[in-house]
Amino acid sequence: MHIDIISTVPELLESPLSHSIMQRAKDKGLLTVNVHDLRPYGLGKHNSVDDYQFGGGAGMVMRCEPLAALIDELKSRRTYDEIIYLTPDGERFAQRRANRLSLQNNLLMICGHYKGIDERIREEYVTLELSIGDYVLSGGELAAAVVVDSIGRLLPGVIGDETSALTDTFQDDLLAPPVYTRPAEWRGREVPAILLSGNTGAIEEWREERALERTEERRPDLLG
Ligand code: ADE
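Start counting the sequence shown at 1; every next residue gets the next number (the UniProt record's numbering).
Have a look at this one:
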C-alpha cells in the first residue's frame, strides 16, 4: 500500500510514522508513506496557503490553488482509491472503515489547519471525510497518523502473529478480554487459573465470556 499525505506541518507526522509497527511495515516494503509539504505550493513571496474567510469571522481558511496544484501533481503520478480529508465533521473513524481501507492500494490524505480547507476542494477532490472523534484538533496531522497506524497494522505480514490483529478489541465489535503475562503471581494478585491450565478450549470460552462481560459493562452500545 502507498499513502501520500498533504500537510503544512510535515514534521508532525515524522515521529509517529517512523517507529515500531509502522517502521516494520515500511522496512518490509508493505507500506510506503510520503508526506508532502504544502508550503512550496503557496502563493506570493510568503508562500501563503491560507486567507480570511468570506463573510467574516475568526479563523483562516486554506486556499484552493496551492492544494489543487499539489493534488493534481500527485494525481498525475497515481490513481487513488480514496482521497481522504481529515475533519471533525467527517464520518466517525472506526475499525470497520480501517479494515476496508487496509484493502486499498493508494490513498491520499489531506490535513487541514485553521478553520479547514475551502469547501470547493472538498467538492472537487475529496471522496471520503474522516473524523477520529468528537473533539477539535489543531490540525489533521495527528488524525492522519491515527488512521495510517490503524490501517498499517492490518496489512498482512506487518504484525508478526497474523492472528493478533484479528483478535483485537473492536475487530468483532467486542472489547478485548483481560490479558496477563509472567509472573503468575504479582503483589498477591494471581493470574486466573484457567489461563495456566493448558486447556485451550476452556481458555477460549473464558476469553469470550470475559469479552462479553466487559463489553456489557463498559460499552453496551457496541452490542446493539
Ligand atoms: N482535524 C481537526 N480535528 C479533527 C478530528 N477530530 N478528526 C479528524 N481531523 C481533525
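Where is the CB? At the ideal position from N, CA and C, for every residue including glycine.
Query: Could you check whether Asp51 and Arg39 sit closer than 8 angstroms to each other, using their CB atoms as the reference points?; Result: no
Query: Using CA coordinates, which residue listed in Ala184, Leu175, Arg187 is at the minimum distance from Asp221?; Result: Leu175
Query: Express the C-alpha separation of Arg78 and Thr169 in angstroms, rounding to a whole number.; Result: 34 angstroms
Query: Relative to the C-alpha of Leu195, which residue among Gly188, Arg207, Lys75, Met1 is closest?; Result: Arg207
Query: Could you spell out the range, first to last residue, of the alpha helix (DSSP H) harbouring Ser197?; Result: Element bounds for Ser197: n/a, residue is neither H nor E.
Query: Compare the C-alpha of Tyr80 against each of Pro88, Val61, Met109 and name the closest.; Result: Met109
Query: Give me, in chain order, the residues of the same chain whose beta-carbon lies closer than 7 angstroms to that of Arg153; leave out the 5 immediate sequence neighbours on both sides.; Result: Ile21, Ile159, Ala165
Query: Could you tell me if the beta carbon of Tyr135 falls within a distance shorter than 7 angstroms of some heavy atom in ligand 1?; Result: yes
Query: Run the CB neighbour count on Leu70, radius 10 Å, all protein chains shown included, and call it buried at 16 or more, exposed below.; Result: buried
Query: Give the DSSP bridge partners of Ser48, in chain order.; Result: Leu43
Query: Ile159 by DSSP, collapsed to three states: which one?; Result: coil
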